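In my numbering, the protein residues as written are 229 to 614. Virtual Cβ for every residue (Gly too), placed ideally from N, Cα, C. Only a predicted model underlies this, so the values are computations on that prediction, with no experimental measurement involved. Since the structure comes first, as C-alpha cells, the remarks are kept for the end.
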Amino acid sequence: MSQLPEVILPNEVITEILSWLPVKSLMQMKCVSKSWKTLISHPPFIKMHLSRSARNPYFSSIVPTRGYYFLENRYSFVHFPVSCLLENRWIKHPKDPYYRLSDKNCRVVLGSCNGLICLAGYSINECAKYKTVWFRFWNPATRNISQVLGSDVYFNDMHISRFTVFVFGYDSSTDTYKVVALSSTGNEMRVFSLGDNVWRYIQRFPFGARPVFRNSSLCDGVYLDGTVNWLAYRSDRNCVKKFVIISLDLATETYTEMLLPFDEGLHVWGNVCVLMNSLCVYQDLKETDFVIWKLMEFGNENSWIQFLRFSYHDVQLYHEIGPSTLFRIRPLHLSENGDTLVLANNQNDRAILYNRRTNKARKTIMFNNISWLSIHDYVESLVLIR
Numbered sequence: 229m230s231q232l233p234e235v236i237l238p239n240e241v242i243t244e245i246l247s248w249l250p251v252k253s254l255m256q257m258k259c260v261s262k263s264w265k266t267l268i269s270h271p272p273f274i275k276m277h278l279s280r281s282a283r284n285p286y287f288s289s290i291v292p293t294r295g296y297y298f299l300e301n302r303y304s305f306v307h308f309p310v311s312c313l314l315e316n317r318w319i320k321h322p323k324d325p326y327y328r329l330s331d332k333n334c335r336v337v338l339g340s341c342n343g344l345i346c347l348a349g350y351s352i353n354e355c356a357k358y359k360t361v362w363f364r365f366w367n368p369a370t371r372n373i374s375q376v377l378g379s380d381v382y383f384n385d386m387h388i389s390r391f392t393v394f395v396f397g398y399d400s401s402t403d404t405y406k407v408v409a410l411s412s413t414g415n416e417m418r419v420f421s422l423g424d425n426v427w428r429y430i431q432r433f434p435f436g437a438r439p440v441f442r443n444s445s446l447c448d449g450v451y452l453d454g455t456v457n458w459l460a461y462r463s464d465r466n467c468v469k470k471f472v473i474i475s476l477d478l479a480t481e482t483y484t485e486m487l488l489p490f491d492e493g494l495h496v497w498g499n500v501c502v503l504m505n506s507l508c509v510y511q512d513l514k515e516t517d518f519v520i521w522k523l524m525e526f527g528n529e530n531s532w533i534q535f536l537r538f539s540y541h542d543v544q545l546y547h548e549i550g551p552s553t554l555f556r557i558r559p560l561h562l563s564e565n566g567d568t569l570v571l572a573n574n575q576n577d578r579a580i581l582y583n584r585r586t587n588k589a590r591k592t593i594m595f596n597n598i599s600w601l602s603i604h605d606y607v608e609s610l611v612l613i614r
C-alpha cells in the first residue's frame, strides 16, 4: 500500500484557518511548533482573530461562588453566547469555561473592550468618607491579569461634587487602553493609560454642561469606536434642562457636543447605549412607552431617527409598572438581523426579549440568579496586557 504524500499548506491558508478557532484551542496550539507560537502571538494575527471573534458576542457577569475552605466568598467570571439567549430563553450559567478571579477584592466590572476586562476594587476608610479605588486589567480567555494599577483616593459620597465614575475604552491611534474618570459636575476629567500607568488631567467638560449619572455603580457612559459618550444637560435661565450627548475622542482627547431631538422623558429615566455599533439614546415616555433613538451618522446631530417605540401595555409589562423610579429597562443587544432586542429588567433581575417584527416580548427564565442591569458585552480574544 503506497503512502499518501505529505500535504504542506501555505502559511496564508494556515493563518486563515487558525484565525477562526476559539482562544482555548489557539492557546493549546502554541505548543505545536515555534512558528505557530510566533504566529498566534503576532499582533496582526491577534487583530485578525479579534475581528472574527466579534461576530460571536457574549454576555458576561461576575457572580459570587462559595470557596471550599471556611465557606469563603469568591467571585467568578461567567459568560455565555448571546445567540444562546436569542434561541432559548431557558438558560443556565455555563460551567465551562468558568474563570475564577485571582483577586477577590476586584469584583466590579467597569467595562469590557476587545476581550479585556477592566476590574475595579476599592476600600473605604474608617469614617466612610473616602475610598481608595484601584484597577486590574484581565483577559479571562488567556488567563492573563495585570498587577494592581491606578490606585487613587476619592470621596465616598455620590452627592459630593468629586464623586467619580469610570469608563473603559481603546485608543486605536496609539494601540492603548484607557480608563476615563469623570467627576459628577464635569469639572474634573482624567485619563489613565494602560502601559504608561499614570493618571493625566485633561480638558474638563464643555462649559455649562453637566453629566447625568443614572447608575449607582462606579461606571456610567458608553464606549464606541474610540470615543466615550455621556448623557449630559444644560440649564437655561429658567432652569429648563436641555439634554445633549458629550463625546470624548480618546485619540485627540477633545469633545464633540450633539443635541438630542427631544427632551421629554429623560427627566424620568433614560441614558446612552450602543446597539449594532451605533450610538443610541433610550427613554421612558410618560411611563407608558419605551423609545430608542439612533444616531445614523456619528457626530451629526441632525441624523437622529426614532429607531424603536413600543407600549409597555402591548408587550404585557403594564402589570409590573409602579412608580417610574422602580421600573427600569435597559437595552443590551440587538440581533444581527435587527429583529430581536435584548433588554435588561431591574424587576426580578431578568431579561426581556422583544421582537420588533411581531411586537411581542418574552421574559428569560434563569436557573441561576444574575444581575441583568450589571451585564457587560464580551468577546474572547488573544489581546495582550502590556
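Between Tyr-582 and Phe-538, the CB-CB gap stays under 8 Å. Around the Cβ of Tyr-429, a 10 Å sphere holds fewer than 16 other Cβ atoms; the residue is exposed.
In this structure, the alpha-carbon of Phe-535 lies about 35 Å from that of Val-251. Rounded to whole angstroms, the separation of the alpha carbons of Ser-311 and Ser-304 is 22 Å.
Note: Tyr-483 is bridge-paired with Leu-476 in the DSSP secondary-structure output. Per the coordinates, the alpha-carbon of Phe-363 lies some 18 Å from the alpha-carbon of Ser-411. Here Glu-244 is exposed. Its C-beta has fewer than 16 other C-beta atoms within 10 Å. Looking at the DSSP output, Ala-579 bridges to Ala-572. Ser-609 is not a Cβ neighbour of Gly-436, given a cutoff of 8 Å. For Gln-534, the three-state secondary structure derived from DSSP is strand.
When Ile-242, Lys-591, Arg-371 are compared, the shortest CA-CA separation from Ile-613 is found for Arg-371.
Arg-438 carries a strand assignment under DSSP once its states are collapsed to helix, strand and coil.
Under the three-state reduction of DSSP output, Cys-312 falls in the helix class. Contact between Lys-470 and Asp-491 is confirmed by a C-beta separation of about 6 Å, below the 8 Å threshold.
Under the criterion of beta carbons closer than 8 Å, Asn-587 and Asp-542 qualify as touching, at roughly 6 Å. Sixteen is the threshold: since fewer than 16 other Cβ atoms of the shown chains lie within 10 Å of the Cβ of Arg-465, the residue is exposed. Excluding residues up to 5 positions away in sequence, Gly-454, Thr-455, Tyr-483, Thr-484 lie with their Cβ nearer than 8 Å to the Cβ of Asp-477 in the same chain. Its Cα nearest to that of Glu-315, the residue Ile-580 stands out among His-604, Ile-603, Ile-580.
In this structure, Val-502 keeps its C-beta atom at 8 Å or more from the C-beta atom of Trp-458.
Between His-604 and Val-337 the beta-carbon gap is near 5 Å, inside 8 Å, which marks them as a contact. Taking 8 Å as the cut-off, the beta carbon of Gly-349 is found no closer than this to the beta carbon of Val-395. DSSP places Trp-264 in the uninterrupted alpha helix (DSSP H) bounded by 262–269. Just so you know, the alpha carbons of Cys-341 and Thr-516 end up roughly 34 Å apart.
For Lys-591, the enclosing beta strand (DSSP E) stretches over residues 588–591.
Taking each of Ile-274, Val-450, Val-519, Leu-494 in turn and checking the Cα distance to Tyr-540, the smallest one comes out for Val-519. DSSP, reduced to helix, strand and coil, places Lys-258 outside both helices and strands of the structure shown, so it counts as coil. For Val-251, the three-state secondary structure derived from DSSP is helix. Thr-243 sits in a helix when the DSSP states are folded into three classes. Membership of Lys-406 in the beta strand (DSSP E) is indicated by the continuous run 404–411.
Remark: C-beta atoms of Arg-280 and Ser-247 approach each other more closely than 8 Å. Membership of Lys-514 in any beta strand (DSSP E) is not indicated, and neither H nor E is assigned to it by DSSP. Counting only the Cα atoms, Ser-602 lies some 13 Å from Arg-556. Scanning its chain for C-beta atoms nearer than 6 Å, with the 5 sequence neighbours on each side dropped, one finds around Asn-415 the residues Arg-432, in chain order. Take Thr-404, set aside five residues on each side of it, and the residues of its chain with a beta-carbon closer than 7 Å to its own are Ser-421, Leu-422, Gly-423, in chain order. Under the criterion of beta carbons closer than 8 Å, Ile-345 and Pro-309 do not qualify as touching, at roughly 17 Å. About 16 Å separates the Cβ atoms of Pro-489 and Ala-460, ruling out a contact at the 8 Å cut-off.
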